[in-house]
Amino acid sequence: MLNKLSSFIALCCVLLLTGCLDYGQQTLTYRYDAKTDTLRVFQLYQGIFGEDKQDGLSEKELEQLQSVLSGQRTFFFANWIWEYDRSEVSKALVNLDKPDAALDSSTCTRREGFLKLLMGNTRVDNGAFYMDEQGRLCAMQSVTVSRFSNLVAAGNLQIRDLLKLESNREDASPEEHALYLKSAKKPKPYIRVEGNQLRFHLPITRAAFEKSYGPNSSSAKQLEEFKRQGGQLAFANNEMKWGLGAPSDQATTLTLPVSEKPYIANALDAVKSRVAVLEKMDVAAAAKAFIGGTSQNRKSRKP
């Protein structure tokens, strides 16, 4: 349930694919401009390497590298949160033409509208590859989402539709069935934007929350750092409350670890054969030029 809902939380068609190219950490800086209704996200991938081989990239890793260089694809902390791949959004639109007994015509229409809105208003631009002060291969991307409030509204409808479907899932527990159906029947904004603060309120059972977000979950390390940097995550009244940033922030920055594996320079030659790799880069200046404002990290507060 959580993974399916995450596809709409991010306002992108998320495919939780197993990635071969990895990186040590990622820094994300975003700013929402209410006047232009535009969300700008600046991405830094720090310490890029391949998992499969010590002395180069495998064929699968080379394919992934090329898909990023030639397509509209961006990653939000690898598979911990989500991924946006324009080509997969396009496939999802095509697949709507295939019969699906679980989707009525109204649901299909809303999903089609959401996917088209997403594709028409999301742009991913690849920036420079560069070497950081530790001698690691790094890269930049900029993501621009226009008509953001429209996407938020459409995303809220998509979550409600998904909850209805999930409530009738064969393996759903009685508790999940009642919880999802009750939430779907009561209109509410699951995705909320206030100034530069992003918040998500999603129905979830205590057991599911502890499994995905508890101290013994596979995401425990990222969650600890997320909270330390001001991220908000809590469970109350059968609801997960997730938040980042503060309404008054000019821009919000979050840096999280992604891979625990040690960095090796096995991707450098493959990248150099395709694009230029700069010896140094003023990433702070590049981020400010794209985002504007001053990035801020806030101490934890209630969602």
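By my numbering, the letter at position 246 of the sequence shown is numbered 242, and the numbering carries on one by one without gaps. We put the beta carbon where it would ideally sit given N, CA and C, even for glycine.
Just the C-alpha distance for residue i and residue j, rounded to the nearest angstrom, thanks.
i: proline 183; j: leucine 92; result: 25 Å
i: lysine 56; j: glutamine 50; result: 14 Å
i: valine 120; j: glutamine 39; result: 10 Å
i: glutamine 228; j: lysine 94; result: 39 Å
i: cysteine 104; j: aspartate 128; result: 46 Å
i: glycine 288; j: glutamate 108; result: 33 Å
i: threonine 248; j: aspartate 265; result: 34 Å
i: valine 273; j: glycine 131; result: 12 Å
i: serine 208; j: glutamine 218; result: 12 Å
i: leucine 111; j: valine 64; result: 20 Å
i: serine 66; j: aspartate 100; result: 36 Å
i: alanine 135; j: alanine 263; result: 12 Å
i: proline 243; j: aspartate 33; result: 15 Å
i: valine 267; j: tyrosine 259; result: 16 Å
i: glutamine 68; j: leucine 113; result: 15 Å
i: alanine 261; j: leucine 175; result: 48 Å
i: serine 102; j: glycine 52; result: 49 Å
i: lysine 178; j: tyrosine 80; result: 30 Å
i: phenylalanine 286; j: glycine 123; result: 11 Å
i: leucine 133; j: arginine 165; result: 44 Å
i: glycine 241; j: glycine 226; result: 7 Å
i: glutamate 220; j: phenylalanine 45; result: 24 Å
i: glutamate 84; j: serine 214; result: 26 Å
i: phenylalanine 125; j: glutamate 206; result: 38 Å
If you count every other CB in all the chains shown that lies within 10 Å of the CB of residue i, and 16 or more means buried, which is it?
i: valine 271; result: exposed
i: leucine 150; result: What sits at residue 150 in the sequence shown is alanine, not leucine. Buried.
i: serine 145; result: exposed
i: glutamine 62; result: exposed
i: arginine 224; result: exposed
i: phenylalanine 256; result: Note that residue 256 is glutamate in the sequence shown, not phenylalanine. Its Cβ having fewer than 16 others within 10 Å, glutamate 256 is exposed.
i: alanine 30; result: exposed
i: aspartate 278; result: exposed
i: glutamate 59; result: exposed
i: aspartate 96; result: exposed
i: valine 90; result: exposed
i: serine 138; result: buried
i: aspartate 167; result: exposed
Can you name, in chain order, every residue of its own chain whose Cβ lies under 6 Å from the Cβ of residue i, other than the five neighbours on each side?
i: lysine 160; result: Ala180
i: leucine 35; result: Tyr28, Val141 and Phe144
i: alanine 283; result: Thr25 and Phe38
i: histidine 173; result: Ser163
i: asparagine 212; result: none
i: threonine 23; result: Leu40 and Thr251
i: serine 169; result: none
i: serine 54; result: Asp48
Can you tell me which residues form a DSSP beta bridge with residue i?
i: histidine 197; result: Lys237
i: aspartate 18; result: Phe45
i: serine 138; result: Phe38 and Asp121
i: glutamine 26; result: The sequence shown places tyrosine at residue 26, rather than the glutamine named in the question. Looking at the DSSP assignment, tyrosine 26 forms a beta bridge with Val37 and Thr248.
i: arginine 231; result: For clarity, residue 231 is phenylalanine in the given sequence; the question names arginine instead. According to DSSP, phenylalanine 231 bridges with Met236.
i: isoleucine 187; result: Phe196
i: tyrosine 126; result: Cys134 and Leu274
i: proline 253; result: Gln21
Go through its chain and collect everything with a Cβ distance to residue i's Cβ below 8 Å, but skip five positions before and after it.
i: glycine 210; result: Ala216
i: arginine 202; result: Phe231 and Asn234
i: valine 189; result: Tyr28, Phe144, Ser145, Val148 and Arg195
i: serine 86; result: Met115
i: arginine 82; result: Gly67, Gln68, Arg69, Met115, Thr118 and Val120
So, for residue i: in the same chain, excluding its five sequence neighbours on each side, which residues have a beta-carbon less than 7 Å away from its beta-carbon?
i: glycine 153; result: Going by the sequence as given, residue 153 is leucine instead of glycine. Result list for leucine 153: Arg106, in chain order.
i: glutamine 21; result: Gln42, Gly43, Thr251, Leu252, Pro253 and Val254
i: glutamate 275; result: Met127
i: tyrosine 186; result: Asn152, Ile155, Phe196, His197 and Leu198
i: asparagine 117; result: Val141, Ser142, Arg143 and Leu147
i: serine 269; result: none
i: glutamate 171; result: Thr201
i: alanine 303; result: Since the first residue shown for the chain is -3 and the last is 299, residue 303 is missing from the structure and cannot be characterised.
Measuring only from the beta carbon, is residue i closer than 7 Å to any heavy atom that is part of the ligand PLP?
i: threonine 70; result: This structure lacks the ligand PLP, and indeed carries no ligand of any kind.
Pick out the complete beta strand (DSSP E) segments inside the region 49 to 107, 3 residues or longer, and give them in chain order. 69 to 72 and 78 to 81
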